[in-house]
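J.:
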Amino acid sequence: DPQFVKATTLIHEEPHQDKIYYFFREDNPDKSPEAPRNISRVAQLCKEDKGGTSSLSASKWTTFLKASLICVDPVTKGNFNWLQDVFFVPASNWRKSKVYGLFT
1 DPQFVKATTL
11 IHEEPHQDKI
21 YYFFREDNPD
31 KSPEAPRNIS
41 RVAQLCKEDK
51 GGTSSLSASK
61 WTTFLKASLI
71 CVDPVTKGNF
81 NWLQDVFFVP
91 ASNWRKSKVY
101 GLFT
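Just so you know, we're using the UniProt record's numbering here: the sequence shown kicks off at 1 and counts up by one.
Right, here's the structure in full:
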């Protein structure tokens with residue numbers, strides 16, 4: 001089950017390009033002993049996404065993308081995989097907006 005951390009909307013100059021970002025943790029599908037039990041993720045969804053046009057995709061988002069978030073200390077090579085919080089620094093130009101994550 002996903003564990004919600006935070007969400008934000010980044011506003012683009014063109015409204016149809018506005019994006020919603022969700023930050024969360026979920027169970028790792030990789031069940032090998034060396035794999036972490038949970039994975040931190042970010043998901044992106046276009047704000048204007050109304051689902052597909054066919055009967056099979058009408059209730060499904062068509063722009064949903066998901067990626068893993070990994071924080072590694074370059075000196076110790078230690079992994080910090082547990083996303084605790086996210087902080088947003090918006091800018092008038094959306095391309096200059098910053099997202100900071102706090103990992104343990």
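Glycine included, each C-beta is placed from N, C-alpha and C at the ideal position. In this text, all values refer to a predicted model and were calculated from it rather than measured experimentally.
Have a look at D1, Y21, D73, P2 and flag the residue whose alpha-carbon is nearest the alpha-carbon of L10.
T.: Start at 1 with the first residue of the sequence shown, and residue 10 comes out as number 10. The option with the nearest alpha carbon to L10 is Y21.
J.: Since V42 and L69 are thought to touch, with beta carbons under 8 Å apart, how far apart are those beta carbons, to the nearest angstrom?
T.: Within the sequence shown, residue 42 is the residue found at index 42, counting from 1. Within the sequence shown, residue 69 is the residue found at index 69, counting from 1. Indeed they touch by this definition, with Cβ atoms about 6 Å apart.
J.: Could you tell me the alpha carbon to alpha carbon distance between T76 and G101, rounded to whole angstroms?
T.: As a working mapping, residue 76 is identified with position 76 in the sequence shown. As a working mapping, residue 101 is identified with position 101 in the sequence shown. Approximately 19 Å, taken between the alpha carbons.
J.: Is Q3 near R37, with beta carbons less than 8 Å apart?
T.: Taking the first residue of the sequence shown as position 1, residue 3 is located at position 3. Taking the first residue of the sequence shown as position 1, residue 37 is located at position 37. Cβ distance not < 8 Å, so Q3 and R37 don't count as in contact.
J.: Given this structure, state the Cα-to-Cα distance separating P90 from E34, to the nearest angstrom.
T.: Counted from its first residue, the sequence shown places residue 90 at position 90. Counted from its first residue, the sequence shown places residue 34 at position 34. In a straight line, the C-alpha of P90 is about 37 Å away from that of E34.
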